[in-house]
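Report on the structure given below.
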Amino acid sequence: LGLIPGHKLTIQKVTRSGQTKYVLSYAGQVRTVINEPFKNAKTDEELDMSKEYHICSVTQIWGEARVSNTDHLSISESQLGNDCVYVKGGNPKVDLDSEFVDFSSLSMIDLSEL
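141 is the number that this note's numbering gives the last residue of the sequence shown; the numbers go up by one with no jumps.
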């Protein structure tokens, strides 16, 4: 799933079996589950994960390239994007943890037979 600047990123804190993770939804659809709160790339301060954010900028890469670059995802509390914050680690990879995501609510395509 690609992310487009200006769209909303909603965060749902979910706790199961004593473990807390964050379910990120983009444009109303679950995109990924992350283990820790977002951090400001410049200050290392944790961002408030109970808020809704707007995407300011994003680059569609993940993995090793994310380790050394901090400018691959920036988010803002304002739809105007005048308070953008770069997220440490950048754009998270897609990870649909079945313990934290209800798969019956997702639209999925099975490509396993290809």
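All C-beta atoms, glycine included, are put in the ideal place defined by N, C-alpha and C.
The stretch 122 to 129 makes no contact with the stretch 68 to 82; the number of CB pairs closer than 8 Å stays below 3.
Assignment of residue 77 by DSSP, reduced to helix, strand and coil, places it in the coil class. In this structure, the straight-line span from the alpha carbon of residue 49 to that of residue 56 is close to 14 Å. If you look at residue 106, you'll find it isn't in any beta strand (DSSP E); DSSP assigns it neither H nor E.
Its Cα nearest to that of residue 70, the residue 116 stands out among 116, 129, 139.
Exposure of residue 54 is indicated by the presence of fewer than 16 other C-beta atoms within 10 angstroms of its C-beta. A Cβ-Cβ contact shorter than 8 Å links residue 52 with residue 58.
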